[in-house]
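Numbering-wise, the sequence shown is residues 44 to 205 according to this note's numbering.
Don't be surprised by glycine CBs; every beta carbon is placed ideally from N, CA and C.
It should be emphasised that the depicted structure is a prediction, and the values quoted were computed from it without experimental measurement.
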Amino acid sequence: MAEQPRFCPRCGASLRLEGRADGRRWCGECEFVHYLDPKLAVVVLVEDPEGRLLYMQRNHEPNMYRWAWPSGFVDAGEDVREAARREVREETGVEVELGELLGVWSGGGDPVVLLVWRAWPVGGRLQPGSEALDAGWRRPEEVAASFAHDAGILSAWRAARG
Ligand SMILES: [Zn+2]
């Protein structure tokens, strides 16, 4: 779960943990209520003609050193499809054209909601970005899953390929 704030962002008083039926933290001074919103992220499965996928090796937690599909958070006000293309570009140097949305994944107490696209390379040059140790094409069956939804996402991609 995301970290809960201890103090009221409006008046600075300590937030109360009890007293509301919904369990949300609230401020007894100014009645501010802390709502924990979902956080939107994009994941992109970029495929080459041989059926390999584009991966980046993470240089940060969680799952440091593991190989994962390019992904990241959507900025407020940003077009989600542009966010998907941006994350691939930033993490691998590759420019992509997006295909269909493979699906939406969320749950398990995690505030992150994943929007997952299929995509194809159309340009750029493969080189790891600042959030990656390395980037490259891998056969998905040779890469260990890093995140809870990876197996489901891979199944959806295989179904979409037909
Ligand atoms: Zn307050």
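What are the boundary residues of the beta strand (DSSP E) that includes residue i?
i, result
"tryptophan 160", "153-167"
"serine 198", "First-last for serine 198: 193-204, but that is the alpha helix (DSSP H), not the beta strand (DSSP E)."
"aspartate 177", "175-181"
With a 10 Å radius around its C-beta and 16 neighbouring C-beta atoms as the bar for buried, classify residue i as buried or exposed.
i, result
"valine 131", "buried"
"cysteine 70", "buried"
"histidine 103", "exposed"
"proline 183", "buried"
Do you know offhand how far residue i's Cα is from residue j's?
i, j, result
"glutamine 170", "leucine 176", "10 Å"
"alanine 194", "leucine 158", "15 Å"
"methionine 44", "glycine 151", "Residue confidence is low: methionine 44 scores 46 on pLDDT, short of 50, so the model does not pin down where it sits. Its coordinate-derived value is still stated next. If you take the alpha carbons of methionine 44 and glycine 151, they lie about 9 Å apart."
"glutamate 61", "arginine 67", "8 Å"
"phenylalanine 75", "glutamate 46", "17 Å"
"serine 114", "tryptophan 160", "10 Å"
Kindly list the residues whose CB is nearer than 7 Å to the CB of residue i, restricted to its own chain and excluding five residues on each side of it in sequence; keep chain order.
i, result
"arginine 181", "Arg95, Leu96, Tyr98 and Trp110"
Using a Cβ-Cβ cutoff of less than 6 Å, which residues in the same chain neighbour residue i once the five nearest sequence positions on both sides are dropped?
i, result
"tyrosine 78", "none"
"proline 81", "Pro154 and Val156"
"alanine 126", "Val85 and Val117"
Between which two residues does the alpha helix (DSSP H) holding residue i run?
i, result
"glutamate 134", "123-135"
Answer yes or no: the CB of residue i versus the heavy atoms of ligand 1, is any distance below 6 Å?
i, result
"arginine 67", "no"
"phenylalanine 50", "no"
"phenylalanine 75", "yes"
"arginine 168", "no"
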